[in-house]
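Colleague: Just dropping this structure here.
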Amino acid sequence: MSIAYYDSPVGLLLIEERYGKIVRITNEDYRVHNDESNEVLDEAIKQLDEYFNGKRFEFDLPIEVNGTPYMLKVWNELLKIPYGETISYQELARRVGNEKGARSAGGACGKNNIIIVIPCHRVIGKNGKLTGYTGGLNIKAKLLDLEYKYISE
């Protein structure tokens, strides 16, 4: 396991790599580990930097996620939401075959350990309001604003 930190426009991000795959990107309040460097972590930082500078709209990183089969379906569906676009939790649930499962889809989003790369920030309430985000609604709003800014240029 190796850990690096990235000072992003939405705060400090912890990036964890295990056996050549990214297993976690989360918001952190402070550094508790020393930064490490390896090819995978360096590439993750490079791609995050490109994302925050409007030069990357999709990530190409080796990732590994662990969850229930339903969570895996939801996270895979999140990867299909284009940069700068949003869908509702209800629509996300429908896409994974659970018509009335907006809450369970939201629960799966909340368990996403690889934020930004698996773009749970692109899922909003059916009324268009921002709801639920592990890093806080202010960070969700900043990520969406950033994407809207670069997509409209």
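Residues 1185 to 1337 (our numbering) are what the sequence shown spells out, left to right. Backbone N, C-alpha and C define an ideal beta-carbon position, used for all residues, glycine too.
In the DSSP output, which residue or residues are listed as bridge partners for Y1189?
Modeller: Against the sequence shown, residue 1189 aligns to sequence position 5. Partner(s): L1198.
Colleague: Near E1212, what residues of its chain come up, given a Cβ to Cβ distance below 6 Å and the 5 sequence neighbours on each side ignored?
Modeller: As a first step, residue 1212 must be located in the sequence shown, where it is residue number 28. Result list for E1212: L1196, L1198, in chain order.
Colleague: Nearest-angstrom Cα distance between G1291 and T1318?
Modeller: As a position in the sequence shown, residue 1291 is number 107, starting the count at 1. As a position in the sequence shown, residue 1318 is number 134, starting the count at 1. Each residue's alpha carbon lies about 10 Å from the other.
Colleague: If you draw a straight line from the alpha carbon of Y1334 to that of I1187, how long is it in whole angstroms?
Modeller: Locating residue 1334 in the sequence shown gives position 150, where the first residue counts as 1. Locating residue 1187 in the sequence shown gives position 3, where the first residue counts as 1. Computed Cα separation, rounded: 29 Å.
Colleague: Leaving out five residues on either side along the sequence, give the residues of the same chain with a beta carbon under 8 Å from the beta carbon of K1326.
Modeller: The sequence position of residue 1326 within the sequence shown is 142, counting from 1. These residues qualify, in order along the chain: P1193, V1194.
Colleague: Contact defined as beta carbons within less than 8 Å: I believe I1206 pairs with V1307. What is the distance between those atoms, to the nearest angstrom?
Modeller: The residue given as residue 1206 occupies position 22 in the sequence shown. The residue given as residue 1307 occupies position 123 in the sequence shown. That pair is no contact at about 21 Å.
Colleague: Any beta carbon from chain B within less than 9 Å of F1243's own beta carbon?
Modeller: Judged by its chain identifiers, the structure shown contains no chain B, having just a single protein chain.
Colleague: Taking the continuous alpha helix (DSSP H) assigned at I1323, which residues delimit it?
Modeller: Indexing the sequence shown from 1 puts residue 1323 at position 139. It spans 1321-1335 - the alpha helix (DSSP H) in which I1323 sits, taken as one unbroken run.
Colleague: Within the chosen definition, does the stretch 1278-1291 reach the stretch 1254-1261 through at least 3 CB pairs nearer than 8 Å?
Modeller: yes
Colleague: Give me the residue from R1202, G1312, V1216, D1226 with the minimum Cα distance to Q1274.
Modeller: On the sequence shown, position 90 is the one that residue 1274 refers to. Nearest option by C-alpha distance: G1312.
Colleague: Leaving aside the five residues before and after T1270 along the sequence, list all residues of the same chain whose C-beta is less than 8 Å from its C-beta, in chain order.
Modeller: As a working mapping, residue 1270 is identified with position 86 in the sequence shown. Contacts found: R1306, V1307, I1308, L1328.
Colleague: From T1210 to Y1235, what distance separates their C-alpha atoms?
Modeller: Sequence index remark: in the sequence shown, residue 1210 carries index 26 (1-based). Sequence index remark: in the sequence shown, residue 1235 carries index 51 (1-based). Answer to the nearest angstrom: the Cα atoms are 16 Å apart.
Colleague: By Cβ distance, which residues of its chain are closer than 6 Å to Y1267, with the 5 residues on each side in sequence left out?
Modeller: Residue numbering aside, residue 1267 sits at position 83 when the sequence shown is read from its first letter. For Y1267, the CB contacts under 6 Å within the same chain, skipping 5 residues up- and downstream, are F1241, E1331 in chain order.
Colleague: Taking 8 Å as the limit between beta carbons, can you name the residues of its chain near L1262, skipping five residues before and five after?
Modeller: If you number the sequence shown from 1, residue 1262 lands on position 78. Once the five neighbours on either side are set aside, the close Cβ partners of L1262 are L1276, C1293, N1296, I1302, P1303, C1304, R1306, V1307.
Colleague: Are there 16 or more other CB atoms within 10 angstroms of the CB of E1200, so buried, or fewer, so exposed?
Modeller: The sequence position of residue 1200 within the sequence shown is 16, counting from 1. Flag for E1200 reads buried.
Colleague: Answer yes or no: do R1208 and I1323 have a C-beta to C-beta separation smaller than 9 Å?
Modeller: Stepping through the sequence shown from its first residue, residue 1208 is reached at position 24. Stepping through the sequence shown from its first residue, residue 1323 is reached at position 139. No.
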